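Shown next, in structure tokens, is the structure this report addresses.
There are 2 protein chains.
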Amino acid sequence: MRILDGIEELRAWRRGLEPGATVGFVPTMGALHDGHLSLVARAREAAEVVAVSVFVNPTQFGANEDLDRYPRDREGDAERTGSAGADAIWFAREEEVYPPGFATTVDLPPIARRLCGLDRPVHFPGVALIVLKLFHLFRPTHAFFGEKDYQQCVLVERMVRDLDLEIEIVRCPLVREESGLARSSRNSNLTPEGREVGVALSRGLFRAREAFDRGERDAARLIAGAAVEIEDPRISLEYLELVDPVTLAPLDAVDPERGGRLLVAARLESVRLIDNIALGGEGGGA
Amino acid sequence: MRILDGIEELRAWRRGLEPGATVGFVPTMGALHDGHLSLVARAREAAEVVAVSVFVNPTQFGANEDLDRYPRDREGDAERTGSAGADAIWFAREEEVYPPGFATTVDLPPIARRLCGLDRPVHFPGVALIVLKLFHLFRPTHAFFGEKDYQQCVLVERMVRDLDLEIEIVRCPLVREESGLARSSRNSNLTPEGREVGVALSRGLFRAREAFDRGERDAARLIAGAAVEIEDPRISLEYLELVDPVTLAPLDAVDPERGGRLLVAARLESVRLIDNIALGGEGGGA
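Heads up: the protein sequence lines correspond to chains E and H, in order.
Per our numbering, the very first residue in the first sequence carries number 1; after that it's consecutive.
Per our numbering, the very first residue in the second sequence carries number 1001; after that it's consecutive.
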């Protein structure tokens, strides 16, 4: 596997690929876990060339967020991506990504202002900008995003359609630890106790899914059932919302065919955790 | 020359091109005049394939601007681009460019908020968005922009750098009518008298250029000399500014090596006219 350093090395590598080759691209913030590796494996099946980027993008972190605490593991990342079958990994340098004079912004107002964007107004504009830049640099035919960041999937798909990019966005299912806790690089900032407490989030989502499978369609009751499981003095809930899977608009009731998505965000030991589950629709459930 | 109708026809045409071919792209709002055709001719010299787009982009017009009055001439445009040597022209349809649910925005705050962007806050975000979309659709290796829209050239260059697009932006000199009036599709909305009065803009710029060539470097005096020529009760000046050619920051004095750009915008018979000239630098002058 090629380890690419510097933007010019990346460009040269990209130019050197077979002109018609399918290129599968997995953008990451590093500290790669099994969730990321499942994206790489999926890309390996779908594309002739597989490339991974690693960049802890400062523009998607607000002033008081955990940019400095975000875990980093360059050597481990290179080793794991290589084993998972990637052809190249690029470690981006901040001064090359955002050189002096940088002025361009990208935004998707309605989708980017709800849920994870409500209290973090810079987050999704930052995500959209870096993803767009990476798409221009890697010029992929396919790009792989995990449904763990469900709102991000919706936003990237919307941006790709709106900006007429010819890239197929492939959504990959969320990966869980054995306990049920959604895999996240941030889990490494939890204590062993925190990891146990955090399982409550997924327990809540599964409880809602069971209720949905038994025929419950009312959003308030589905959410209340989840909330009971999540309730814990150590968990500070940011949101627990049942939304339309495409528009992210809040639902009063779930139409099983169109489906709904139950999304949760919470803080535990100052670590921000998110999780989500499909209720009906293509995503799953009865 | 191929006349492309519909976004899927454009995509199919683009996919059918030789993979490594150089593609020169000229985005326009139609009502093509000699200025546009000089861009097509320049593209013809530089690239193997030459494509033109025509779209009067509503998102770059404010509520009280001249979107409805903007001249349109589809048949003439196709004929003139063909004669100028283009291989394809695409007439974009608004409902394909901005389908329902469209949400993405692009902006370049510092550059986009001055001069033509000061009283028209939607203008340059609209330009940036449509240019980016067209770049994704046409995937050009070279794109051609006239220096008549000087601020637009600076903005597009900045966006291409910031977003890591591998496109060479080729600036082409402003083209004038015999009288000196800068060529513009909007000139067709002027009366014969208006066309004569409007020549004052270029006369003002040339007077500043002559003063610069005689050694004048002081911005206030260069601007004052131009203003004397432009002064006319029928002309309502929007701005007359001497700025840095790259940052567009106002200058106190011109460094002949770095150069300056004298930019003017005015209304005459309710028609908005712009013009500009290089003082020193690479652009010209002593």
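The beta carbon of each residue, even a glycine, is placed where N, CA and C say it ideally should be.
Here the structure is a predicted model, which means the values were calculated and not measured.
Alpha carbon to alpha carbon, how far is residue i from residue j?
i, j, result
"glutamate 1075 of chain H", "glycine 1082 of chain H", "11 Å"
"proline 1261 of chain H", "aspartate 1275 of chain H", "Here residue 1261 of chain H turns out to be arginine, not proline, going by the sequence shown. Those two C-alpha atoms are separated by around 10 Å."
"phenylalanine 138 of chain E", "threonine 22 of chain E", "11 Å"
"isoleucine 1230 of chain H", "methionine 1159 of chain H", "33 Å"
"alanine 47 of chain E", "serine 38 of chain E", "14 Å"
"arginine 1042 of chain H", "glutamate 1257 of chain H", "26 Å"
"leucine 181 of chain E", "arginine 93 of chain E", "31 Å"
"glutamate 216 of chain E", "glycine 6 of chain E", "53 Å"
"proline 110 of chain E", "leucine 155 of chain E", "10 Å"
"isoleucine 3 of chain E", "leucine 10 of chain E", "9 Å"
"valine 254 of chain E", "glycine 280 of chain E", "8 Å"
"isoleucine 1235 of chain H", "arginine 1272 of chain H", "10 Å"
"leucine 1132 of chain H", "leucine 132 of chain E", "11 Å"
"alanine 289 of chain E", "aspartate 107 of chain E", "Nothing about residue 289 of chain E can be reported from this structure: the residues present for chain E run from 1 to 286 only."
"aspartate 77 of chain E", "leucine 32 of chain E", "6 Å"
"leucine 1017 of chain H", "valine 1049 of chain H", "8 Å"
"valine 97 of chain E", "tryptophan 90 of chain E", "12 Å"
"aspartate 1034 of chain H", "proline 1019 of chain H", "31 Å"
"serine 185 of chain E", "leucine 1134 of chain H", "37 Å"
"threonine 1105 of chain H", "glutamate 193 of chain E", "43 Å"
"arginine 1195 of chain H", "aspartate 1218 of chain H", "31 Å"
"glycine 1146 of chain H", "glutamate 282 of chain E", "49 Å"
"proline 58 of chain E", "glycine 198 of chain E", "26 Å"
"glycine 259 of chain E", "alanine 103 of chain E", "39 Å"
"arginine 183 of chain E", "glutamate 95 of chain E", "30 Å"
"aspartate 149 of chain E", "leucine 67 of chain E", "17 Å"
"alanine 200 of chain E", "glutamate 1157 of chain H", "50 Å"
According to the neighbour-count rule (16 or more other Cβ atoms, all chains shown, within 10 Å of its Cβ), is residue i buried or exposed?
i, result
"proline 140 of chain E", "buried"
"proline 1245 of chain H", "buried"
"glutamate 8 of chain E", "exposed"
"aspartate 1162 of chain H", "buried"
"alanine 1286 of chain H", "For alanine 1286 of chain H, the pLDDT reaches just 45, beneath the cut-off of 50, and the residue's location in the model is therefore unreliable, although a value from the coordinates is still provided. The residue in question, alanine 1286 of chain H, is exposed, as its Cβ has fewer than 16 Cβ neighbours within 10 Å."
"valine 1228 of chain H", "exposed"
"threonine 1191 of chain H", "exposed"
"arginine 14 of chain E", "buried"
"alanine 1278 of chain H", "buried"
"glycine 204 of chain E", "buried"
"arginine 120 of chain E", "buried"
"arginine 1214 of chain H", "exposed"
"serine 1188 of chain H", "exposed"
"alanine 12 of chain E", "exposed"
"arginine 1221 of chain H", "exposed"
"arginine 1209 of chain H", "buried"
"valine 1100 of chain H", "Strictly speaking, residue 1100 of chain H in this sequence is proline, with valine absent from that position. Per the 10 Å Cβ criterion, exposed."
"serine 1270 of chain H", "exposed"
"glycine 1062 of chain H", "exposed"
"glutamate 241 of chain E", "buried"
"alanine 252 of chain E", "Correcting the residue identity first, residue 252 of chain E is aspartate in this sequence and not alanine. Exposed: under 16 other Cβ atoms inside 10 Å."
"alanine 1112 of chain H", "buried"
"proline 125 of chain E", "buried"
"proline 1233 of chain H", "exposed"
"alanine 1143 of chain H", "buried"
According to DSSP, residue i sits in a beta bridge with which residue or residues?
i, result
"aspartate 1077 of chain H", "Bridge partners of aspartate 1077 of chain H: none, in fact."
"threonine 28 of chain E", "E/Val54"
"valine 264 of chain E", "E/Leu240 and E/Asp275"
"aspartate 66 of chain E", "Answer is none; aspartate 66 of chain E lacks a bridge partner."
"phenylalanine 138 of chain E", "Bridge partners of phenylalanine 138 of chain E: none, in fact."
"glycine 146 of chain E", "E/Cys172"
"proline 250 of chain E", "E/Val243"
"valine 49 of chain E", "E/Val23"
"tryptophan 90 of chain E", "E/Leu4 and E/Ser53"
"aspartate 1218 of chain H", "H/Ala1253"
"threonine 105 of chain E", "H/Asp1107"
"isoleucine 230 of chain E", "Answer by DSSP bridge pairing: none, since isoleucine 230 of chain E is not bridged."
Residues of chain H with CB closer than 8 Å to the CB of residue i, please, in chain order.
i, result
"arginine 158 of chain E", "Gly1101, Ala1103 and Thr1104"
Interface residues of chain E around residue i at Cβ under 8 Å?
i, result
"leucine 1132 of chain H", "Leu163"
"glycine 957 of chain H", "Chain H is shown from 1001 up to 1286; residue 957 of chain H falls before or after that span and cannot be answered."
In chain H, which residues lie with their C-beta within 7 Å of the C-beta of residue i?
i, result
"isoleucine 111 of chain E", "Ala1103"
"leucine 17 of chain E", "Within chain H, no residue comes near leucine 17 of chain E; the closest Cβ sits about 11 Å away, beyond 7 Å."
Quick one: list the residues of chain E neighbouring residue i, beta-carbon separation under 9 Å, in chain order.
i, result
"proline 1173 of chain H", "Simply none; closest approach about 25 Å."
"aspartate 1107 of chain H", "Ala103, Thr104, Thr105, Val106 and Asp107"
At 9 Å on the CB atoms, spell out the chain H contacts of residue i, in chain order.
i, result
"leucine 137 of chain E", "Asp1164 and Glu1166"
"aspartate 5 of chain E", "Chain H residues near aspartate 5 of chain E: none, gap ~16 Å exceeds 9 Å."
Closer than 7 Å by beta-carbon distance: list the chain E residues that pair up with residue i, in chain order.
i, result
"aspartate 1244 of chain H", "Those do not exist, as aspartate 1244 of chain H stays about 12 Å from chain E at its closest Cβ, beyond 7 Å."
* Asked: Per the contact definition of three or more C-beta pairs closer than 8 Å, is the stretch 46-57 of chain E in contact with the stretch 81-95 of chain E?
  -> By the criterion of at least three beta-carbon pairs nearer than 8 Å, the stretch 81-95 of chain E is in contact with the stretch 46-57 of chain E.
* Does the stretch 101-120 of chain E come within contact of the stretch 263-274 of chain E, defined as at least 3 CB pairs closer than 8 Å? -> yes
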